[in-house]
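Below is one structure, written out as structure tokens; the observations come after it.
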Amino acid sequence: MRNPQGDVFVIEGVLGKGEFGAVYLVRERGKLHNIFALKEVINPDKGARERFAFEGEILKRLRHKSLPRVYSVFENDGLKRVYLLMDYIHGQNLEVLRVKQSGHCFSLPLVLDFIDPIVDALMYLHAQNPPIVHRDIKPANIIIPTGGGRAVLADFGSAKEYVPGSATTMVGHRSPGFAAIEQYRTGTNTRTDIYGLGATIYALLTGLTPIDALSRVLGSVTEGVDPLKPANQIKPTLPQSVADTLQQAMSNTSADRFETVEEFWHVLQDSVTQKMPRVSSIDQTQSTPPTQALADRNTQSLPKVQRVSHAHSRVLLRVIAIVLIIVALAVAIYSYLRDLPILLLCCLVLLFLSLSVLLHDVTIRARRRRSQNLYKAKG
Ligand SMILES: Nc1ncnc2c1ncn2[C@@H]1O[C@H](COP(=O)(O)OP(=O)(O)O)[C@@H](O)[C@H]1O
Ligand SMILES: [Mg+2]
């Protein structure tokens, strides 16, 4: 393999093979220590190749500890391929590691450790101007370096600059279970990565890939219930608050997700107490024991969850508002009949406030229903 500058790269192995090409371990000829990962994307469509190359150029300017540095992007029109030369991360991806675990899942503290650098990388991507949306967050795209070290986020094949107001015209590759509903249509934005991140944590904790977003939307419309099982129904040892937080991150309506990855991460961390259980180490009987340092940590015990779930607090708020309306109305009538103007005024203010709370709640529910109908109409 030769790049336009004439440097020759010798393929030493295959790191991964996908739908649109492969990722190779390569060595620069004549330079023993220059080892890279070379991603090859095969696409017969010249426009798509140009777009990928353009997006590769954007990645070249990025510098982050949890992103492989991209050194060059070049096209081979004859072979209808585009290449991305980047840092080689010596390790294994989280999907490979996950299936090696007993129960095919990791403990909560270990998942938090794995994901922390990925959150950092996503915050960095979203802070670019314009923000860069990765659009393919999933365990197979997270590499855990052998012998410890920070997790690295790979696979920028779907990454895109997000320009507010401009619709995503290219409906590209999507990973079922990890892709948000907008990836089946158009209009991805930074919250698309919150969905992918929530789904990744869900899969790592439960051992199951979440049901795909399209089936969820269809199920919600036809059956009236979201078929996505809360994480703690699959793994009962998980706190309710963690399950609720993941459910919110994976909301089908992107506006219902957290506003930023940072907010999602803080809420998730808040939902786990300071005293966590001893990390049930990565299954040592398996072939590759990754991140030894993590595996050796102390175990802790999970606290009782104190956070009232989001859904429950909404119902409570609604009940309180209705009770207040009834009380305020009754007292208002009484004060009117008894000619008590100050009490009447207080009741009217209370009535107004309770009605506003109730109306706000009804509007949110109506908006949700409208968006569900919209999905139904589209598909
Ligand atoms: N920079 C890299 N260093 C080491 N391994 C990598 C690198 N990039 C990708 N891989 C490995 O190759 C696999 C496929 O790469 P990826 O970029 O995700 O391609 P695809 O588009 O086929 O999903 C990854 O799951 C990971 O195991
Ligand atoms: Mg991938």
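Residues in the sequence shown are numbered consecutively from 13, following this note's numbering.
Note that CB positions come from ideal geometry on N, CA and C, so glycine has one too.
Bear in mind the structure is a predicted one, so any value in this text is a computation, not a measurement.
{"Asked": "R41 burial status per 10 Å Cβ neighbour count (16 or more: buried)", "Found": "exposed"}
{"Asked": "A152: CB within 7 Å of a non-hydrogen atom of ligand 1", "Found": "yes"}
{"Asked": "Stretch-stretch touch, CB-based, cutoff 8 Å, three pairs: the segment 189-197 with the segment 249-261", "Found": "no"}
{"Asked": "F86 versus M98, P80, L124, H76, residue with shortest Cα-Cα distance", "Found": "M98"}
{"Asked": "Cβ-heavy atom distance, G30 to ligand 2, below 7 Å", "Found": "yes"}
{"Asked": "DSSP bridge partner residues for P157 (one or two, in chain order)", "Found": "G103"}
{"Asked": "C-beta contact flag for V4 and A344 at 8 Å", "Found": "There is simply no residue 4 to check, as the chain begins at 13 and stops at 391 in what is shown."}
{"Asked": "Three-state secondary structure (DSSP) of M13", "Found": "coil"}
{"Asked": "Heavy atom of ligand 2 within 7 Å of D167 beta-carbon", "Found": "yes"}
{"Asked": "Identity of the residues DSSP links to G59 by a beta bridge", "Found": "Partner(s): none; G59 has no beta bridge."}
{"Asked": "Backbone secondary structure at M135 - three-state DSSP", "Found": "helix"}
{"Asked": "Rounded C-alpha distance that separates D167 from S84", "Found": "15 Å"}
{"Asked": "Bridge partners - V26, DSSP secondary structure assignment", "Found": "Y36"}
{"Asked": "Range covered by the beta strand (DSSP E) that runs through N244", "Found": "Not the beta strand (DSSP E): N244 falls in the alpha helix (DSSP H), residues 243-246."}
{"Asked": "Segment limits, beta strand (DSSP E) that includes S84", "Found": "82-88"}
{"Asked": "Neighbourhood of R186 by C-beta distance below 6 Å, restricted to the same chain and skipping five residues each side", "Found": "Q195"}
{"Asked": "Ligand 1 heavy atom lying under 7 Å from the CB of A243", "Found": "no"}
{"Asked": "Ligand 2 heavy atom lying under 7 Å from the CB of D256", "Found": "no"}
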